[in-house]
Amino acid sequence: MKKQLTAALTLGLIASSLAACSGGGNATPSASPADSTPATQTEATATPGNDSGSGEKVTLTYAIWDSNQEKGLRTIADEFEAANSDIKINIEVTGWSEYWTMLEAGATGGSLPDVFWMHSNEIYRYASNGMLLDLNDKIAASQAVKLENFPEGLNQIYNFEGKQYAVPKDFDTIGLWYNKTMFDDAGLKYPDESWTWDDLHSAAKALTKDDVYGVLAPMHNQEGYYNFVYQNGGTIITDDKRSGYDDPKTIEALEFYINLVKEGLSPAVFDDAGRGELIKNGKVAMGFFGSWNLSGFTENEYMAKNFDVAVLPKKEKQASIYNGLGHAIAHNTKYPEQAWKFVEYLSSKEGQERQAELGVAISAYKGAADLWLNSNKTFNIKAFVDMVDYGVIRPYSNTTATWEDKAYEALAPAFTGKATVEEAAKNAAKVMNESLAQEK
Amino acid sequence: MNRLAAKRISRQTWGEWSWGWFLIAPTIIGLVVLNIIPIIQTAFLSLHKSGDFGRGNIYVGFDNYVKMFQDAQVWHAVGNTLLYALLVVPTSIALSLVVAVFLNGKIRGKSIYRTIYFIPMVAAPAAVTMVWRWLYNEHFGLINYVLSRIGINAVDWVGNPKLSLFSIAIIGIWSVIGYNMVLLLAGLQEIPKDYYEASDIDGASKMRQFFMITLPLLSPTLFFVIVTSLIQAMQVFDVIYMMIDVMSPAYNNTVSLVYLFYNNSFKYSNKGYGSAIVMLLLLIIMVITFIQMRAQKKWVNYM
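Protein chains in written order, with the numbering used here: chain S, 1 to 440; chain B, 1001 to 1303.
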């Protein structure tokens, strides 16, 4: 008897071993009825849209991934609610990587948030599968939103086959953060726009002391070697969607960058949290961080006291990776009119200027960035806006998220010294091309 | 008369049967809905190239499996998973057995100790891992701080490919001891005291009692604990997921099958391939468990 019990329990456990893993498998059949929804949805949604006039309160979910921006956006949402008494905005914050898992589950199960942030890495999948509301007509009919007021490069990211699926929200560039105190102690001049790679290298050398590294050159693409690749005239992805990692210019840039680690001027860092810890604890004198870190750095006492930010150094030319988020609406939202009203406000001159004034992010709207400059007196944040002129849109294709990870895996041995930079880069090109081939 | 009796008996049997089914229905329904159906779906999905958002799956036969057998990373993951299980299961069971035997004896404050050992099991794995991450931190961690005090250089516990799986296994062992201990304690308390009294009279030492009485009579519980902890260890995910990122140089030395499945299914949206990886895991677990079921005849004593 007891033996059978044990056997039964064991079998049950084996079965449950699979159940834990089958979240992915589960999704398929349950979602297949959803295939028919986009067609019927338009009719269905028309009704609640009309209802709104009758004074019934509508709650919109607004999903974002950056908790640093929540406070400012809440203020904007409150102002929007005050002007539109029939709409309530519910902001939901989910961390970056969980955000996409959450959104995918929502898209598969037909329960996307009404309004949410979109990113260049993921737009293709959502747009090509009809998960997002086509905004063409709404923009055409709107007084407040004119796409020509936003940078063309950002509009393009969220345009799929001629349809606009998101309106740019903000943009970000990468800056060179430097520890003023350490520069003073070493008697060095602060970085400025005349700085070249050689200046960076010699400063890093001068600043490297017993337990302080001169610079932080982590294995990070957007806030790391991508910038150097484009400064050197290389590329990550070519126009015909091939990997640029085997481009000699790209390899040259990677060699310079990884040499900072090999020469002991930078620690070898691979994780996001580690980068922040090192710079906030005074273990590195210089680091490359995006403009979205601003509020976090301002709140950090040590950073606020000792650090400032400058434009990135140049080689052949100046370059900084430049990207921007967009506001998208779910294809099957129950309240398309209200959702658009909110996105319209967020994308209007007024909404964009509020976002800049409050220091939430660098607003994408033409001229609004100047207002953003006044939002922070701690750092010389003008550097971030200056870099837009020569900003390079963050490389992307239809499966960015996949090949970015594969490239990281291939490049890691170069950072640890297990492989030469050239080998690693060629390997990265190979795996990236394999991944790109899957796109077709 | 005869037919009537047969009918009556069968009605009674029917009644018993339906009661039986009724009573196990919650478990059966749960098992079918949460386990059996997903298994079939996963097997089905593993034969497809999955479309985005669960739409437009294309049948590709065994392509995912062919690709999987050529994928070096899958074999890394198989190796890592087995090594992890090999590190965690014997150590944790040996330790929890020792703890259980001691806590079964006459010790002051037994229940306090039992609680202390069980706490890691109650704490959320994600939270526990965050604490361990700080302990292990190369630059600011407590462990390296203590080591620096006695003159040992900083060790990169998590990032060093040679060390990281061991660091992770330590967390695994630490967190599972309490649970195994409770199961073993229950087993220990089922052993009749008479055996010990009789052997005392015969003059057996405590050591001999342990090996001749405790261990054989504990073997059914021990068997259950070994089988379940092995299955659990083979499914390791949360600790590795929290500690090691794809970018980490230790990734290939630590990635487990479930982590690889997660990355492929959810990060790279390749659910077909992810399902194939999970089917491989199922196969491995089934083979190991089958061997264990066979081997139990050799060493498990049912009273």
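A virtual CB, placed ideally from N, CA and C, is assigned to each residue, including glycine.
Can you check DSSP and say which residues form a bridge with residue i?
| i | result |
| --- | --- |
| ASP447 (chain S) | Past the boundaries of the shown model lies residue 447 (chain S); chain S is included only from 1 to 440, so the question cannot be answered. |
| ALA63 (chain S) | S:GLU92 and S:PHE116 |
| PHE160 (chain S) | S:LYS163 |
| VAL309 (chain S) | S:TRP177 |
| TYR213 (chain S) | S:VAL284 |
| ILE87 (chain S) | S:VAL58 |
| LYS314 (chain S) | S:THR196 |
| ILE362 (chain S) | S:PHE171 |
| ILE1112 (chain B) | BP columns for ILE1112 (chain B) are empty, so no partner. |
What did DSSP end up calling residue i once you bin it into helix, strand or coil?
| i | result |
| --- | --- |
| THR94 (chain S) | coil |
| PHE289 (chain S) | strand |
| VAL431 (chain S) | helix |
| TYR335 (chain S) | coil |
| GLY391 (chain S) | strand |
| TRP195 (chain S) | coil |
| THR1081 (chain B) | helix |
| LEU1139 (chain B) | Note on residue identity: the sequence assigns His, not Leu, to residue 1139 (chain B). In the structure shown, HIS1139 (chain B) sits in coil (DSSP, three-state: anything other than H, G, I, E or B). |
| GLN1041 (chain B) | helix |
| LEU1163 (chain B) | coil |
| LEU132 (chain S) | strand |
| ALA330 (chain S) | strand |
| VAL58 (chain S) | strand |
| SER1046 (chain B) | coil |
| SER1148 (chain B) | helix |
| LYS146 (chain S) | coil |
| SER111 (chain S) | coil |
| LYS472 (chain S) | With chain S covering 1 to 440 only, the question about residue 472 (chain S) has no answer from this structure. |
| LYS138 (chain S) | helix |
| SER243 (chain S) | strand |
| ILE1107 (chain B) | coil |
| SER202 (chain S) | helix |
| SER348 (chain S) | coil |
| ILE1170 (chain B) | helix |
| ILE237 (chain S) | strand |
| ILE123 (chain S) | helix |
List the residues of chain B whose Cβ lies closer than 9 Å to the Cβ of residue i, in chain order.
| i | result |
| --- | --- |
| PHE415 (chain S) | PRO1249 |
| MET286 (chain S) | Within 9 Å Cβ-Cβ: nothing; MET286 (chain S) doesn't reach chain B, min ~17 Å. |
| GLU277 (chain S) | ASN1137, HIS1139 and PHE1140 |
| ASP405 (chain S) | VAL1246, MET1247, ASN1263, LYS1267 and TYR1268 |
Quick one: residues in its chain with C-beta nearer than 8 Å to the C-beta of residue i, no 5 flanking neighbours on either side, listed in chain order?
| i | result |
| --- | --- |
| GLN444 (chain S) | Given a span of 1 to 440 for chain S in the structure shown, any question on residue 444 (chain S) remains unanswerable. |
| PHE1210 (chain B) | VAL1101 |
| GLN1189 (chain B) | ASN1104 |
| VAL1060 (chain B) | LEU1047, HIS1048, LYS1049 and GLY1272 |
| LYS1110 (chain B) | LEU1103 |
If I measure Cβ to Cβ from residue i and keep anything under 6 Å in the same chain, skipping five residues before and after, which residues do I get?
| i | result |
| --- | --- |
| LEU436 (chain S) | LYS241 |
| ALA407 (chain S) | ALA428 and MET432 |
| LEU1142 (chain B) | LEU1135 |
| MET118 (chain S) | ALA166, GLY326 and ALA328 |
| ASP1156 (chain B) | GLU1138 |
| ASN1057 (chain B) | HIS1048, SER1050 and GLY1051 |
| SER266 (chain S) | TYR213, VAL215, LEU216, ALA217 and LEU260 |
I'd like the list of long-range same chain contacts for residue i, defined as Cβ closer than 7 Å, with 5 residues on each side in sequence excluded.
| i | result |
| --- | --- |
| LYS249 (chain S) | ASN232, GLY233 and GLY234 |
| ASN1270 (chain B) | SER1050 and ASN1264 |
| LYS418 (chain S) | none |
| LEU1097 (chain B) | LEU1184 |
Can you name the residues of chain S whose CB is closer than 9 Å to the CB of residue i?
| i | result |
| --- | --- |
| SER1269 (chain B) | GLU104, ARG125, THR399, ALA401 and THR402 |
| HIS1076 (chain B) | Under the 9 Å cutoff, chain S gives no residues; its nearest Cβ is about 11 Å from HIS1076 (chain B). |
Run through chain B and tell me which residues come within less than 7 Å of residue i, C-beta to C-beta.
| i | result |
| --- | --- |
| ASN68 (chain S) | Those within 7 Å of ASN68 (chain S) in chain B number zero; the least Cβ separation is about 20 Å. |
| SER219 (chain S) | According to the sequence provided, residue 219 (chain S) is Met. The question's Ser does not apply to it. Within chain B, the residues near MET219 (chain S) are MET1247. |
| THR101 (chain S) | PHE1266 |
| THR108 (chain S) | PHE1053 and GLY1054 |
Name the chain B residues whose beta carbon is nearer than 8 Å to that of residue i?
| i | result |
| --- | --- |
| TYR408 (chain S) | VAL1246 and MET1247 |
| PHE270 (chain S) | GLY1159, ASP1245, MET1247, SER1248 and PRO1249 |
| LYS283 (chain S) | HIS1139 |
| VAL412 (chain S) | With the sequence shown as reference, residue 412 (chain S) is identified as Ala, and Val is not the correct amino acid for it. Under the 8 Å cutoff, chain B gives MET1247, SER1248, PRO1249 and TYR1251. |
Chain S partners of residue i, CB-CB under 7 Å?
| i | result |
| --- | --- |
| ASP1052 (chain B) | ARG125 and ASN129 |
Practice item. List in chain order: all unbroken alpha helix (DSSP H) runs of 4+ residues lying wholly within the region 1055 to 1100 of chain B. Key: 1063 to 1070
Practice item. Would you mind listing the alpha helix (DSSP H) stretches within the region 1227 to 1257 of chain B that are 4+ residues and don't spill past its ends, in chain order? Key: 1238 to 1243 and 1251 to 1254
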